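If you're matching positions, the sequence shown starts at 31 in this note's numbering and goes up one per residue. The block underneath contains the structure these notes are about, expressed in structure tokens.
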Amino acid sequence: MNNFETNSPISLEELRTLETELHKDETRHDRRRMQALLHPDFVEFGRSGTRYTCADVLKEFGRGDVFPPLRSFNFELVVLGEGVALLTYLSAHVDAGGKSHRQTLRSSIWVRTTIGWQMRFHQGTPVHSP
């Protein structure tokens, strides 16, 4: 699917907001919102090394499970082309005591389509503690 919208500025804040929306349970359990945020050809290389498609993610997140809170920071944006951007950041799960664990380097490629920004690719790479 290549229905890209062009001639619009790319904003770090806009993409950070969309990215972190995907971390929320209310978004993950809203199939319509997930379909709006994930490109139909979406692919993820997960932190575990597993490859996921859009259909895999919609199936996994549609079960009503509650996911651990995620803290994300150090966002950076690189414009790859017109209507295409690479967003990178660091994330960590947060335990009941507020302590961060399972730090992960994350990268997402976002494309601006006729329905808005959609995530086309995502990768999570574990950060190994010294």
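Note that CB positions come from ideal geometry on N, CA and C, so glycine has one too. As the structure is a computational prediction, the values presented were derived from the model and not from experiment.
Bridge-paired residues (DSSP) for residue i
i, result
"I139", "L116, F151"
"G111", "V114"
"L100", "H123"
"R81", "F75"
"E106", "T118"
Contact check, residue i vs residue j, beta carbons under 8 Å
i, j, result
"Y119", "R142", "no"
"S130", "H53", "no"
"T57", "E51", "yes"
"L68", "M149", "yes"
Cβ-based burial, residue i [other Cβ within 10 Å; buried from 16]
i, result
"A115", "buried"
"H152", "buried"
"E43", "exposed"
"F97", "exposed"
"E112", "exposed"
Reduced DSSP category for residue i - H, G, I as helix; E, B as strand; rest coil
i, result
"R132", "strand"
"V157", "coil"
"L68", "strand"
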